[in-house]
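Asker:
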Amino acid sequence: MRVLLIEDNVKLAQHIRTMLERESYSVDCEHDGEAGERAVRATPYDLIVLDIMLPKKNGIAVCADLRKDGIYTPILMMTARGEVDDRVEGLDSGADDYVVKPFDMKELLARVRALLRRPKESVGEIFSAQDVALSTSTRAVTQKGKKIALTIKEYAVLEYLLRNKGRTVTRDELLHHCWDFSYDPFSNITDAYIKQLRKKLHDTNEKYISTVRGVGYTFNA
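The numbering used here puts the sequence shown at residues 1103 to 1323.
(1) Can you tell me where the beta strand (DSSP E) with Y1200 in it begins and where it stops?
(2) In three-state DSSP terms, what is A1077?
(3) In three-state DSSP terms, what is S1224?
(4) Can you name, in chain order, every residue of its own chain whose Cβ lies under 6 Å from the Cβ of R1273, other than the five neighbours on each side?
(5) For the candidate residues Y1262, T1253, D1148, E1139, whose alpha-carbon lies nearest to that of N1160?
(6) Cutting at 8 Å between CB atoms, please list the residues of its own chain near I1162, excluding the five before and the five after it.
(7) Do I1150 and I1177 count as a contact pair if the criterion is CB distance below 8 Å?
(8) Does the stretch 1195-1210 come close enough to the stretch 1240-1251 that 3 or more CB-CB pairs lie under 8 Å?
(9) If R1104 sits next to Y1174, beta carbons under 8 Å apart, how far is it from one beta carbon to the other, in whole angstroms?
(10) Mind pulling the beta strand (DSSP E) runs of 3 or more residues that sit fully within the stretch 1243-1308?
(11) Compare the Cα-Cα distances from N1322 to each of L1107, D1134, Y1262 and report the closest residue.
(12) In whole angstroms, give me the CA-to-CA distance for R1265 and L1114.
(13) Thinking C-alpha only, which one of D1206, A1197, V1201, D1171 is nearest T1181?
(14) Just to check my reading of the structure: K1255 and Y1295 have Cβ atoms closer than 8 Å, yes? What is that Cβ distance to the nearest angstrom?
(15) Using the Cα positions of G1135 and V1129, report the straight-line distance between them to the nearest angstrom.
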């Protein structure tokens, strides 16, 4: 699991990073809100641990802007501000959970595990690009308002592409997110499913899914 930690206290950030890495998480760190938000938009993360009191752009604004743009990566907020109104503001901005400093590292780790266990479908997100839309609550996919029948794996591949529309997704990413970790990384299985999706979308000229040679695929926004 890949975690982004956005915390301006470098010493605390290093301590949290060390504890998460001991639990086998891959952790990236940023120390201001603007840099953190850029990282989220550039890289797919499984979880964001976000401080509220950040330089350049506070955590509330970062969270709200990510949610407004359809980025629903689970967010665990942390801050020294422990008043009820502050917690409510954080949750209303789109955070999934909240921990108040000073906290026990065991509690932080427990909250991280809980958020990573939470099914993504439970939030009922809708992802769309051009005339294609996908609902994670009903698992329905439509094109120009008409339903398209997809297999489980076709759905998984399309969902990941739509979650990352406009960004090139590598074949390794698709294998990691849509197949078991033990799947042969040298297999051309991703290419086969892209071909099937294009057929069902009548995508003969890469209007929807573009191939980036030697890298992967982009669902055109």
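Backbone N, C-alpha and C fix where the C-beta goes; we use that ideal spot for every residue, glycine too.
Every value quoted in this text rests on a predicted model; they were computed, and no experiment measured them.
Answerer: In short, the structure shows the following:
(1) Run containing Y1200: 1199-1202, per the beta strand (DSSP E) assignment.
(2) What is shown of the chain runs 1103 to 1323, which leaves residue 1077 out entirely.
(3) Interpretation of S1224 is limited by its pLDDT of 46, a score under 50 that renders its predicted location unreliable; the figure taken from the coordinates is listed afterwards. Of the three classes helix, strand and coil, the one that applies to S1224 here is helix, per DSSP.
(4) Annotation for R1273: T1292, G1318 place their beta carbon closer than 6 Å to its own, counting only its chain and skipping 5 residues before and after.
(5) Of the listed residues, the one whose Cα sits closest to N1160 is E1139.
(6) Leaving aside the five residues that flank I1162 on each side, the residues in its chain whose CB is nearer than 8 Å to its CB run, in chain order, I1154, E1191, G1192, S1195.
(7) In contact: I1177 and I1150 (Cβ atoms closer than 8 Å).
(8) No: the two stretches stay apart, fewer than three of their Cβ pairs being nearer than 8 Å.
(9) R1104 to Y1174, Cβ: 16 Å. No contact.
(10) Uninterrupted beta strand (DSSP E) stretches at least 3 residues long and entirely within the stretch 1243-1308 occur at 1243-1245, given in chain order.
(11) Measuring from the Cα of N1322, the nearest candidate turns out to be Y1262.
(12) If you draw a straight line from the Cα of R1265 to the Cα of L1114, it is about 31 Å long.
(13) Cα-wise, what sits closest to T1181 is V1201.
(14) Confirmed, Cβ separation roughly 6 Å.
(15) Take the alpha-carbon of G1135 and the one of V1129: they are about 17 Å apart.
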